[in-house]
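Trainee: Going by the numbering used here, the letters in the sequence shown line up with residues 88 to 417, in that order.
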Amino acid sequence: MKRFFSVLVALCSLTAALSAFAAEPFELKDGDRVVMLGGTFIDREGNHGYIETALTMAWPDRKIVFRNLGWSGDTVWADSRGIFDLPAEGYKLMIALITELKPTVIFLAYGANESFAGEPGLSPFVNQYEKLCDDVKPTNARMVFVTPPPFERPEPPLPDVSQHNVNLAKYATAVRELAQRRTGRIVDLFAHVAVQDEIVEGNPPRPPRIPYTADGVTFTPAGYLDLARLLANDLELPVPRHPDRGLVGLVRDFQTGASLTSKTPLTRAGQLRLKIVEKNKLFFHRWRPQNITYLTGFRKHEQGNNAVEIAQFDPLVAKAEQEIAELLKP
């Protein structure tokens with residue numbers, strides 16, 4: 088772990104990295120359309136909704152649309168998106184869908200999977216990330232780059248993936264530099280978690296926190312909740328006036344185990360999060376329907392024109408978003 092932080096300090100000045108983007112406040116405007124793009128980290132955020140809830144609660148009086156396009160195991164080459172075709176075809180479909188959604192803001196979170204290629208894979212990763220930025224540039228969307236949080240050391244017998252943080256630090260640095268070149272905003276989860284966990288010289292040792300992951304890589308609800316806090320702090324999101332409508336409410340729900348089926352009532356923030364998760368599931372089935380082979384693939388002729396049912400998710404998504412808007416009212 089100490090070696091990891093030594094490498095981190097040698098690679099970049101954390102103070103400079105975290106302050107370089109602090110000059111201009113981050114804001115989501117009324118009418119913004121936000122696309123969240125990345126691998127497993129973004130994909131499973133759609134199932135938990137903590138980050139999207141934090142962003143939604145920051146501007147409750149504004150109509151902001153969120154679309155989660157995460158795909159587990161994905162990379163900047165769209166390695167997971169080809170389905171029956173090569174990744175290049177999945178990449179084309181991804182760019183086409185982003186264009187169709189007409190985003191005004193894009194959150195990009197890549198680098199974790201790619202980092203396992205080590206030093207030899209760093210330059211190809213940067214080049215492809217640059218290409219991805221070029222390919223979505225016609226949308227004129229404001230770009231927010233998210234660095235991958237450090238891997239953790241899970242309990243045995245699971246392998247210790249934290250040893251890969253040496254490489255991950257280099258990829259996080261590359262993402263910071265890319266954000267600077269692209270004049271994008273950076274959410275430096277890598278640096279924030281690293282600083283949070285390190286024992287700073289002259290300060291008393293920090294107590295160990297709860298793990299963010301179940302296996303060193305895959306984030307748990309508790310992990311997403313705390314990363315949402317770090318993201319909110321990094322972007323300096325406005326704090327809702329009423330605690331139960333902000334991250335404080337989400338923390339209370341988590342600590343008390345409040346849910347739709349428990350006796351402890353959910354806070355307004357908790358109700359909002361569950362509705363956001365429901366909306367994300369509906370949109371997931373809209374853009375990634377099951378049995379795609381029979382709907383639009385090479386066996387679509389076998390079951391008739393079932394693809395017409397895909398668009399029937401649109402009014403369901405719209406209804407969920409209306410309910411989200413109701414929960415945001417004072």
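Beta carbons: idealized from backbone N, C-alpha and C, even for Gly.
To the nearest angstrom, how far is it from the Cα of alanine 412 to the Cα of leucine 142?
Mentor: Counted from its first residue, the sequence shown places residue 412 at position 325. Counted from its first residue, the sequence shown places residue 142 at position 55. C-alpha of alanine 412 to C-alpha of leucine 142: approximately 14 Å in a straight line.
Trainee: So for phenylalanine 108, helix, strand or coil by DSSP?
Mentor: Locating residue 108 in the sequence shown gives position 21, where the first residue counts as 1. At phenylalanine 108, the pLDDT of 49 sits below 50, so the modelled position is not reliable; the number obtained from the coordinates is stated separately. Three-state DSSP puts phenylalanine 108 in coil, outside helix and strand.
Trainee: Per DSSP, which one or two residues make a beta bridge with methionine 230?
Mentor: One-based indexing of the sequence shown puts residue 230 at position 143. According to DSSP, residue pairing for methionine 230 in a beta bridge involves Ile193.
Trainee: Could you check what DSSP says for valine 248 in three-state terms: helix, strand or coil?
Mentor: For this step, residue 248 is matched to residue 161 along the sequence shown. Helix at valine 248.
Trainee: Leaving out the 5 sequence neighbours to the left and right, which residues in its chain are closer than 7 Å to valine 287 when beta-carbon positions are compared?
Mentor: Taking the sequence shown and counting its residues from 1, one reaches residue 287 at position 200. With a pLDDT of 43 at valine 287, under the threshold of 50, the predicted position of this residue should be treated as unreliable, though the coordinate-derived value follows. Closer than 7 Å at the Cβ level, and outside the excluded window around valine 287, lies no residue.
Trainee: Please determine, among Tyr311, Leu334 and Arg332, the residue with the shortest C-alpha to C-alpha distance to glutamate 435.
Mentor: Any answer about residue 435 is impossible in this case: the structure gives the chain only from 88 up to 417.
Trainee: Can you have a look at serine 349 and say buried or exposed, based on whether 16 or more other CB atoms are within 10 angstroms of its CB?
Mentor: Stepping through the sequence shown from its first residue, residue 349 is reached at position 262. Exposed, because fewer than 16 other Cβ atoms sit within 10 Å of the Cβ of serine 349.
Trainee: Helix or strand or just coil, what does DSSP make of isoleucine 170?
Mentor: Counted from its first residue, the sequence shown places residue 170 at position 83. Here isoleucine 170 sits in coil by DSSP.
Trainee: Check whether the stretch 262-274 touches the stretch 210-223, counting contact only when three or more Cβ pairs, one atom from each stretch, lie closer than 8 Å.
Mentor: yes
Trainee: Using 10 angstroms around the beta-carbon of serine 202, count the other beta-carbons present and answer buried if the total reaches 16, otherwise exposed.
Mentor: Looking up residue 202 in the sequence shown gives position 115. Label assigned to serine 202: buried.
Trainee: How many whole angstroms separate the CB atoms of methionine 123 and glycine 157, which I take to be in contact at a CB cut-off of 8 Å?
Mentor: What you label residue 123 is simply residue 36 of the sequence shown in a count that begins at 1. What you label residue 157 is simply residue 70 of the sequence shown in a count that begins at 1. Right, the Cβ-Cβ distance comes to about 6 Å (below 8 Å), so this counts as a contact.
Trainee: Could you give the first and the last residue of the continuous beta strand (DSSP E) run that contains phenylalanine 212?
Mentor: Here residue 212 is taken as the residue at index 125 of the sequence shown, counted from 1. First-last for phenylalanine 212: 209-223, but that is the alpha helix (DSSP H), not the beta strand (DSSP E).
Trainee: Can you tell me whether lysine 195 is buried or exposed? The criterion is at least 16 other CB atoms within 10 Å of its CB, across all chains shown.
Mentor: Translated into the one-based positions of the sequence shown, residue 195 becomes position 108. The displayed chain sequence assigns leucine, not lysine, to residue 195. Looking at its Cβ environment, which holds 16 or more other Cβ atoms inside 10 Å, leucine 195 is buried.
Trainee: Just to confirm my understanding: we take arginine 240, look at its own chain, exclude 5 residues before and 5 after, and list those with CB closer than 6 Å. What are they?
Mentor: As a working note, residue 240 is residue 153 in the sequence shown. Around arginine 240: Asp247 and Ser249.
Trainee: Of the residues Leu324, Leu403 and Pro402, which one's Cα is nearest the Cα of alanine 145?
Mentor: Looking up residue 145 in the sequence shown gives position 58. Among Leu324, Leu403 and Pro402, the Cα nearest to that of alanine 145 is on Leu324.
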